[in-house]
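Chemist:
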Amino acid sequence: MVLGSAIVTPTKSEQTVRKPYPNYKVIVLDDDFNTFEHVASCLMRYIPKMTEELAWNLTNQVHFQGQAMVWAGPLEQAELYHQQLRREGLTMAPLEAA
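In UniProt numbering, the protein residues as written are 1 to 98.
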């Protein structure tokens, strides 16, 4: 006979930890065959909300620093922009998590 014992049931944690989806970086690399005009034009054509001034600043960064991150965001969109720029002949770094 057990006196004074109580059955204790463990409680489940009701908290759910939500992690945001990672962002992915779209990076254009410098090369010896794409012109400044072509790179800037492609950035304005395919990257949302890309202004002419920003496109030229990024194009200069690609040339003088060897690369520039031109967009970061969800994987599906990053894959689309990466593919579009690559199809236009730009030299692209592999997508990487931001």
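Ideal placement from N, C-alpha and C gives every residue a C-beta, glycine not left out.
1. Kindly indicate if chain D contains any beta-carbon less than 7 angstroms away from that of H82.
2. Locate the beta strand (DSSP E) running through Y46, then write down its first and last residues.
3. Going by beta carbon distance, what residues of the same chain come within less than 6 angstroms of W71, once the five residues before and after it are set aside?
4. So, for N34: in the same chain, excluding its five sequence neighbours on each side, which residues have a beta-carbon less than 8 angstroms away from its beta-carbon?
5. Going by C-alpha to C-alpha distance, which of A78, Q83 and M69 sits closest to Y21?
6. Mind reading off the beta-carbon distance from V39 to Q67? Whole number of angstroms is fine, and I expect it under 8 angstroms.
7. From the DSSP output, read off the bridge partner residues of Q67.
8. What does the alpha-carbon distance come out to for the pair C42 and Q15?
9. Would you say L43 touches the ligand HEM, meaning its beta carbon is less than 6 angstroms from a heavy atom?
Modeler: Concretely, from the data shown:
1. Although the question refers to chain D, the structure presented lacks it and comprises just one protein chain.
2. Run containing Y46: none in the beta strand (DSSP E); it sits in the alpha helix (DSSP H), F36 to Y46.
3. V26, I47 and Y81
4. G89, L90 and T91
5. A check of alpha carbon separations from Y21 across A78, Q83 and M69 identifies A78 as the nearest.
6. Contact between V39 and Q67 does not hold, since their C-beta atoms are separated by about 12 angstroms, which reaches or exceeds 8 angstroms.
7. L29
8. For the pair C42 and Q15, the Cα-to-Cα distance works out to about 45 angstroms.
9. Although the ligand HEM was asked about, the structure shown includes no ligands whatsoever.
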